[in-house]
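Worksheet: the structure to be examined is printed underneath.
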Amino acid sequence: MKEWRVCTSYNKNSRYYTLLSIPKFNKKGIWTYKDIFFSRYGTLKNTIIALAAKSKKGLTHSELEEIIGMNPKCFMARFKEVPGLRKENYKKQIVYFSVDPDTYKSQKEKRFPPESSVPKLPPDAMTIVILVELIQNPGISIETLSSRLHDQGYKIEANTIGNLFKHYNISKKKLRRTIDNMVLNVSSPKLFSLTPIIHFKPERCTCPDCHIKLKVQKTLPDKKIATLAVGDLIAHETIYYCEKCGRIFHSRELRSLVPEKCNFGFDVIVFIGKSLFLRCRNYQEILSELKKKNITISISEIAFLAKKFIIYLALLHKLVQRKTRGYMNMNGGYILHLDGTCEGGSSHLISVLDGISEMVLCNAKLPSENSDDLIPFLEGIKKAYGVPLAVVSDMDKGIALAIKKVFKNVAAFICHYHFLAALGKDLFGYENDIIRKRLQKHGIQAVLKRRARQLEESIADTNTLVDGFVSGIESEKISLNCPLSHVPEIAAYTLIKWTLDGKNQGNGFGFPFDQPYLMFYQRLT
26 MKEWRVCTSY NKNSRYYTLL SIPKFNKKGI WTYKDIFFSR YGTLKNTIIA LAAKSKKGLT
86 HSELEEIIGM NPKCFMARFK EVPGLRKENY KKQIVYFSVD PDTYKSQKEK RFPPESSVPK
146 LPPDAMTIVI LVELIQNPGI SIETLSSRLH DQGYKIEANT IGNLFKHYNI SKKKLRRTID
206 NMVLNVSSPK LFSLTPIIHF KPERCTCPDC HIKLKVQKTL PDKKIATLAV GDLIAHETIY
266 YCEKCGRIFH SRELRSLVPE KCNFGFDVIV FIGKSLFLRC RNYQEILSEL KKKNITISIS
326 EIAFLAKKFI IYLALLHKLV QRKTRGYMNM NGGYILHLDG TCEGGSSHLI SVLDGISEMV
386 LCNAKLPSEN SDDLIPFLEG IKKAYGVPLA VVSDMDKGIA LAIKKVFKNV AAFICHYHFL
446 AALGKDLFGY ENDIIRKRLQ KHGIQAVLKR RARQLEESIA DTNTLVDGFV SGIESEKISL
506 NCPLSHVPEI AAYTLIKWTL DGKNQGNGFG FPFDQPYLMF YQRLT
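Right under this line is the structure:
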């Protein structure tokens, strides 16, 4: 073996050999073939001695594992002392140093730097966490605050929090006032006068499959992104790769903040979706709100992200179908409510929900409400949520046929709302059309709106008195502050607005439950 100049593996019980001319050792003297490791220093023991001697501040078990690709604890535990190594305990870890006195002294100074005489302060991010906890619990003591933060996973000591209070001269008496002033002055634009640059890199340094150190593949060009927490920021991402298997590693943190190939965070997309569909804000209002949060965005981007929100919501809805089914089974099952709507010649939007939990189960666009189109859709509902206890729908024949085909022996009921709506149209539809057509013929609504605009111009300086005037009519006592010269104009304007508001009366169920044309006519007369 010596004549052949053979190198023996330091793992796999030294069963593998290679010629010294074959390995291409890295800077640490390690070469890997598949999961077999070789060292230019020979045995694992000699390798650890050599690596510890050449390191700048000694090596811990975890640092050794990253270099040699295997956990050294099992090997080192067999030896109380290793000639050529000097080991010491440091913060519940064993650190290996060189036995050379000068090298050992240099390594130890770098590993155990002298503690600064300056009071230790928490990092900026931790300071924000502390202040948030103080805002929520203003009378809390430092010890209790430290305990609470420990429970939340933050390792912050009471004396460090005390140093923070001393540094900023925060006392218990003025703590609440100080925090309130800080909160009032905190906003993304004030915190970041310049767009911050944040560096992202993969969370791991070794390949989970090959157990070798990852290398830098490339650094992506700076990418401008935006999140609600920070506002506009520049992401600087470094990508790693495994030289052996070619696997690429990205930053999971960045991927959790922003979708791939997108410049706006998930939280921004959710904010836009909720603002548009739940808070009923228009694009311009959403734009103004995001601007206050230091997010630069256009109206066209808001419209695009609103559609993206719907897609994400639909995908999430599909992912939790099994959990939804389990929840409904806990309630004893579900009652399927089925309905469809369309505008003009467009596709029919079919919606189904559970009548017990009132959860929407599915929405889909279908060419029509014919049974041929509905049967595959209902088969999908059956597969996802099981057979319902009962089905409720309108009196459409196509829907009834599809229900009978898919949900055999399941009780089918007619929806009371649809039944009464159809009955109401039969009873009052003709009269409602007469009122609507005659009002349109005379153009009464347009005339009243035009007259109201004219009156608004003449009473512009006294329009705040309209509410007072209305109250005066109700109490039969006009306020002395109301200028008598404007009383006729204010009275006319108030009556016109009251009449026009008749078309907005009702509960939003539509005709025949709401009868806006009849209400408008009654107020006219």
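The sequence shown begins at 26 in our numbering and counts up one residue at a time. Ideal Cβ positions, reconstructed from N, Cα and C, are used throughout, including at glycine.
A Cβ-Cβ separation of about 4 Å places G54 in contact with R65 under the 8 Å criterion.
In the pairwise beta carbon analysis, the stretch 160 to 175 is classified as touching the stretch 184 to 195: at least three pairs are separated by under 8 Å. Under the 10 Å beta carbon count, N319 is surrounded by 16 or more other beta carbons and is classified as buried. Boundaries cannot be given for H236, as no beta strand (DSSP E) includes it and DSSP labels it neither H nor E. Membership of H192 in the alpha helix (DSSP H) is indicated by the continuous run A183 to H192.
Checking the DSSP bridge columns, you'll see R111 partnered with F122.
Excluding the 5 residues flanking it on each side, I47 has no same chain C-beta neighbour closer than 6 Å. For T85, the secondary structure class from DSSP, reduced to helix, strand or coil, is strand. A Cβ-Cβ separation of about 5 Å places K528 in contact with F545 under the 8 Å criterion.
The C-alpha of P284 is placed about 29 Å away from the C-alpha of R350. With a beta-carbon spacing of about 13 Å, F50 and G94 fall beyond the 8 Å limit used to define contacts. In the structure shown, S276 adopts coil according to DSSP, grouped into three states.
Where I428 is concerned, the enclosing alpha helix (DSSP H) starts and stops at K422 to V431. Contact between L543 and I459 is absent: CB atoms are separated by about 11 Å, not below the 8 Å threshold. Our two residues, G454 and D421, have alpha carbons roughly 20 Å apart in a direct line. Contact annotation: Y359 and I375 have beta-carbon atoms that are not nearer than 9 Å. Secondary structure remark: continuous beta strand (DSSP E) runs of at least 3 residues inside the stretch 241 to 312, in chain order: 248 to 252 and 256 to 266. A buried status is given to S80, since no fewer than 16 other beta-carbon atoms sit within 10 Å of its beta-carbon.
F63 sits in a strand when the DSSP states are folded into three classes. Rounded to whole angstroms, the Cβ separation of I259 and K249 is 6 Å, and the two are in contact under 8 Å. DSSP places D364 within a strand segment (E or B) once states are collapsed to three. In this structure, DSSP gives S376 an extended state, which the three-state scheme calls strand.
Put simply, the backbone Cα of Q470 is about 34 Å away from that of S313.
Around the C-beta of L159, 16 or more other C-beta atoms lie within 10 Å, and the residue is accordingly described as buried. A78 has its alpha-carbon roughly 8 Å from the corresponding atom of T128. Counting only residues of its own chain and dropping the five nearest sequence neighbours on each side, I237 has a CB closer than 8 Å to the CB of T57, G94, T231, C267, E268 and K269.
For the options E278, C287 and A328, the alpha carbon positioned closest to that of F302 is the one of A328.
Residues of the same chain with a CB within less than 7 Å of the CB of H443, apart from the 5 flanking positions on each side, are D419 and M420 in chain order. By the Cβ-count criterion, S39 is exposed, with fewer than 16 other Cβ atoms from all chains shown falling within 10 Å of its own Cβ.
The beta-bridge partner set that DSSP reports for H224 consists of H261. Across the structure, K37 and Q242 are spaced so that their CA atoms are roughly 30 Å apart.
Where S382 is concerned, there is no enclosing beta strand (DSSP E), because DSSP gives it neither an H nor an E. Setting aside the 5 residues that flank it on each side, R30 is surrounded in the same chain by L45, each with a C-beta closer than 6 Å to its C-beta; the list follows chain order. P413 and A251 have their C-alpha atoms spaced approximately 44 Å apart. Rounded to the nearest whole angstrom, the C-alpha separation of N96 and L403 is 56 Å. From the listed residues L253, F137 and V416, the smallest Cα separation to K433 is found for V416.
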